[in-house]
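So the sequence lines, in the order shown, correspond to chains A and B. My numbering puts the first residue of the first sequence at 1, with every later residue one more than the last. My numbering puts the first residue of the second sequence at 11, with every later residue one more than the last.
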Amino acid sequence: ASLAPAKDEL
Amino acid sequence: MNIFRFVGDMSHLASFFLLLAKLIYTKSSTGVSLKTQALYLTVFVCRYLDLLVAFVSWYNELMKIFFIAASAYIVYVVATSTRNSNASDTYRVEFLVIPALVLACFVNETHWSKGGWSLNVMEILWAFSIYLEAVAVLPQLKMLHQLEDTTNITMHYMASLGIYRAFYLLNWVYRLYYEGYWHPIAVVAGIVQTLLYADFFILYYQSVLLRLPS
């Protein structure tokens, strides 16, 4: 898993 | 999606319509900083490059396309406005763009051990867009402080941007607590950006709300 979760914001 | 993010997004969306309404109905871009609008266009283009490779939802896709298209149109209208000398749009944007770019090169979410070269460039551009958005309002703030006859709609535009930022902070608190979702770069930059709007809200309170007819 990556350090940061996927970006799903604007 | 939680209510905080949704309200934030709707407030952001409203800010575009307020600015477009001001430009179209007053037929004047007086009081609107071309530099801030050009910075926002840069922000959206750099951040939404993932439009082509990372589909999240139709909501996200359509909002991203709208933000890029609307800010491009706003830049076009303000840049070609003949009735606006914008003599007070004097902020030195290189002092914003260059530090944001340098910071993005060093503080970002790249993982060079995996992912392609292009994905890592997109991560740098994402971080750049976050840093630049945090300070992009400064040329507009400088203009507001210098101009006497700022129209109320420009002030409402700024207020809706401030509300958007504030609700994104609430959204991040919610998401960290309930989902473990946490992008420290975005959160720290978002706090800085919201603090810049605090300065504006003092002005807004004094110049708009105190003058409202009772």
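All residues carry an ideal CB built from backbone N, CA and C; glycine is no exception.
Within chain A, the residues placing a beta-carbon under 8 Å from that of residue 73/B are 10, ordered along the chain. For residue 66/B, at least one C-beta of chain A is nearer than 7 Å to its own C-beta. Taking 7 Å as the cut-off, the Cβ atoms of residue 171/B and residue 25/B count as close. In this chain, the alpha helix (DSSP H) harbouring residue 44/B covers 44 to 57.
With respect to residue 32/B, residue 163/B sits close: the two C-beta atoms are nearer than 7 Å. In summary, the residues of the segment 11 to 40 of chain B whose CB is separated from some CB of chain A by less than 8 Å are 15, 19 and 22, in the order they occur in the chain.
Around residue 184/B, the same chain offers 12 and 14 as residues with beta carbons nearer than 6 Å, after the five sequence neighbours per side are excluded. Using a Cβ distance threshold of 7 Å, residue 81/B and residue 51/B count as a contacting pair. Non-local beta-carbon contacts of residue 47/B in its own chain, meaning distances under 7 Å to residues more than five positions away in sequence, involve 81, 84, 85 and 88 in chain order.
Contact fails between the segment 66 to 82 of chain B and the segment 181 to 200 of chain B, because fewer than three Cβ pairs, one in each stretch, are under 8 Å apart. Contact check between the segment 142 to 149 of chain B and the segment 63 to 70 of chain B: fewer than three CB pairs, one atom from each, fall below 8 Å, which does not count as touching.
Around the beta carbon of residue 136/B, 16 or more other beta carbons lie within 10 angstroms, which makes this residue buried. Judged by beta-carbon spacing, residue 43/B lies within the 7 Å limit of residue 150/B, meaning their Cβ atoms are closer than that value.
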